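Enquirer: Residue numbers (our numbering), protein chains in the order written: chain A, 1017 to 1231; chain B, 1017 to 1231. Every residue, glycine too, gets a C-beta built ideally from N, C-alpha and C. Note that the structure is a prediction, hence the values are computed from the model and not measured. Take a look at this one; I'll ask things after.
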């Protein structure tokens, strides 16, 4: 690596809009890539890609995602508020063209499943559609919405109420081997990446070297 | 992939604690892996790994992370509240043993930099320590704290006020080529993974195929 750039607030403020969007979005590292599926009261399906899904807690099992005001799929938010349920679905290698296309601004009532060529599938706990082609399918019940006043975004939190996953992907200790199904990550808004585990450690304690675990 | 498992809330509630922690933490996919550096009023340095750093907005440039109540580095939170500044530093391949060891519960006042063998480095905007060995170094000013009542966690949001990054890592459009420096991602709490971009798309529009971009 060659020379370092030193950037301050004034430099960031002067960046061209697209440059700043890419720079700030890629700065902190790789993100999960997921498709969020919803249904409205009339039964219309909606599907949209999100790269902001995060772990909130394991007991009870809570997962969150950030909903940006200018971001495309506001239908996702309206549908969650209408029905109380939504699904989070993984993106496998080969699905990235369809997954990315789901970020286009389709009209309300148009099913992204049909437009982009993915298949709706259903569980037994709620009526929100899962993505058949996804290997990990998570069903959530809406629990809490936090408003980030700074830039008018929302953190939407749901409780995991249903999971469908291949049995041979789950290690004995509960860890999902996502690489077995070529699950992708995303960088910024549009770069899809494959991921390969290199090392797994035990719980760390001061003055102790941790052992490696299977992954 | 073989048989699918179908899991509902009752199954999750009955999972053994460690199994549930691994299962829920790995469910939604890969996460960014970062070291957060802080300093207290007395000048003591603190460093801790976080896998919950997320993008909040590009203009102004906001980045957030989740602080869990039972999670180790409460010093991080106290120091941010005392001084108003902190750093987010990337984890390169080869740094994963030190990075993971930073999650051990060291006493307050003990510098994780010294204990785990990483080097503190400083910018010009604030006094919080960066990690010299990290390739991407982000300096933040604390802006907003949101309390997630559901499970007593916090979303901490800061504004990016300083960035140090190698010049040959930044594409003309602002995108950081994190793979050039073997930047790692994390799965769950303890599995470190290398990441390789496979495809980059343009902004998606309905009824249009997007072109591939350089990555």
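What is the rounded straight-line gap between the Cα of residue 1123(A) and the Cα of residue 1060(A)?
Expert: Translated into positions along the first chain, residue 1123(A) becomes position 107. Translated into positions along the first chain, residue 1060(A) becomes position 44. Their backbone Cα atoms lie some 12 Å apart in a straight line.
Enquirer: Mind the definition here: the stretch 1027 to 1042 of chain A touches the stretch 1190 to 1201 of chain B only if three or more C-beta pairs lie below 8 Å; say whether that holds.
Expert: yes
Enquirer: Under 8 Å between C-beta atoms, does residue 1039(A) make it to chain B?
Expert: In the first chain, residue 1039(A) corresponds to position 23, counting from 1. For residue 1039(A), the answer is yes, since a Cβ of chain B falls inside 8 Å of its Cβ.
Enquirer: State yes or no: is the beta carbon of residue 1150(A) nearer than 8 Å to at least one beta carbon in chain B?
Expert: For the purposes of this step, residue 1150(A) is taken as residue 134 along the first chain, with counting starting at 1. So no, residue 1150(A) is outside the interface.
Enquirer: Please report how far the alpha carbon of residue 1157(B) lies from the alpha carbon of residue 1175(B), in whole angstroms.
Expert: As a first step, residue 1157(B) must be located in the second chain, where it is residue number 141. As a first step, residue 1175(B) must be located in the second chain, where it is residue number 159. Answer to the nearest angstrom: the Cα atoms are 5 Å apart.
Enquirer: Who does residue 1071(B) pair with in a DSSP beta bridge?
Expert: Along the second chain, one-based indexing puts residue 1071(B) at 55. According to DSSP, which records beta bridges pairwise, residue 1071(B) is partnered with 1079(B).
Enquirer: Along chain B, which residues have their Cβ under 9 Å away from the Cβ of residue 1052(A)?
Expert: Taking the first chain and counting its residues from 1, one reaches residue 1052(A) at position 36. Residues of chain B whose Cβ lies closer than 9 Å to the Cβ of residue 1052(A) do not exist; the shortest such Cβ separation is about 11 Å.
Enquirer: Report buried or exposed for residue 1197(A), applying the criterion of at least 16 other Cβ atoms within 10 angstroms of its Cβ.
Expert: Indexing the first chain from 1 puts residue 1197(A) at position 181. Buried: at least 16 other Cβ atoms inside 10 Å.
Enquirer: Tell me the start and end of each unbroken beta strand (DSSP E) in the stretch 1089 to 1143 of chain A that is at least 3 residues and wholly inside, in chain order.
Expert: 1101 to 1106
Enquirer: Taking 8 Å as the CB-CB limit, is residue 1096(A) close to chain B?
Expert: Numbered from its first residue, the first chain carries residue 1096(A) at position 80. No, residue 1096(A) does not count as interfacial toward chain B.
Enquirer: Going by C-alpha to C-alpha distance, which of 1173(B), 1149(B), 1148(B) and 1019(B) sits closest to residue 1068(B)?
Expert: As a working mapping, residue 1068(B) is identified with position 52 in the second chain. Among 1173(B), 1149(B), 1148(B) and 1019(B), the Cα nearest to that of residue 1068(B) is on 1173(B).
Enquirer: Would you list the residues sitting across from residue 1048(B) in a DSSP beta bridge?
Expert: Translated into the one-based positions of the second chain, residue 1048(B) becomes position 32. Answer is 1201(B).
Enquirer: Where do the N-terminal and C-terminal ends of the alpha helix (DSSP H) with residue 1041(A) fall, by residue?
Expert: If you number the first chain from 1, residue 1041(A) lands on position 25. 1033 to 1043 is the extent of the alpha helix (DSSP H) around residue 1041(A).
Enquirer: Thinking just about the alpha-carbon of each residue, which of 1024(A), 1222(A) and 1164(A) is nearest to the one in residue 1127(B)?
Expert: One-based indexing of the second chain puts residue 1127(B) at position 111. When each option's Cα is compared against that of residue 1127(B), the closest is 1222(A).
Enquirer: Taking C-beta to C-beta, are residue 1041(B) and residue 1171(B) nearer than 8 Å?
Expert: Position 25 of the second chain, counted from the first residue, corresponds to residue 1041(B). Position 155 of the second chain, counted from the first residue, corresponds to residue 1171(B). Contact: no.
Enquirer: Find the residues of chain B that neighbour residue 1165(A), judging by a C-beta separation of less than 8 Å, and give them in chain order.
Expert: For this step, residue 1165(A) is matched to residue 149 along the first chain. At a beta-carbon threshold of 8 Å, the residues of chain B lying near residue 1165(A) are 1160, ordered along the chain.
Enquirer: When you compare only the Cα positions, how much space is there between residue 1028(B) and residue 1054(B)?
Expert: Stepping through the second chain from its first residue, residue 1028(B) is reached at position 12. Stepping through the second chain from its first residue, residue 1054(B) is reached at position 38. Roughly 36 Å between the two C-alpha positions.
Enquirer: Whose CA, out of 1225(A), 1177(A), 1020(A) and 1201(A), lies closest to the CA of residue 1051(A)?
Expert: Here residue 1051(A) refers to the residue found at position 35 when the first chain is read from its first residue. Ranking the options by Cα distance to residue 1051(A), first place goes to 1201(A).
Enquirer: Given residue 1177(A), which residues of its chain have a CB within under 6 Å of its CB, disregarding the five upstream and five downstream residues?
Expert: Here residue 1177(A) refers to the residue found at position 161 when the first chain is read from its first residue. Once the five neighbours on either side are set aside, the close Cβ partners of residue 1177(A) are 1141, 1155 and 1157.
Enquirer: Rounded to the nearest angstrom, how far is the Cβ of residue 1151(A) from that of residue 1103(A), given a contact under 8 Å?
Expert: In the first chain, residue 1151(A) corresponds to position 135, counting from 1. In the first chain, residue 1103(A) corresponds to position 87, counting from 1. Not a contact, Cβ separation roughly 13 Å.
Enquirer: Among 1121(B), 1143(B) and 1110(B), whose alpha-carbon lies nearest the alpha-carbon of residue 1134(B)?
Expert: As a first step, residue 1134(B) is located in the second chain; it is residue number 118 there, counting from the start. Minimum Cα distance to residue 1134(B) is reached at 1110(B).
Enquirer: Would you tell me roughly how many angstroms separate the C-alpha atoms of residue 1225(B) and residue 1047(A), rounded to the nearest one?
Expert: Against the second chain, residue 1225(B) aligns to sequence position 209. Against the first chain, residue 1047(A) aligns to sequence position 31. Distance between the alpha carbons of residue 1225(B) and residue 1047(A) is about 24 Å.
Enquirer: Do residue 1169(A) and residue 1073(B) have their CB atoms nearer than 8 Å?
Expert: For this step, residue 1169(A) is matched to residue 153 along the first chain. For this step, residue 1073(B) is matched to residue 57 along the second chain. Yes, the pair counts as a contact, with Cβ atoms nearer than the cut-off.
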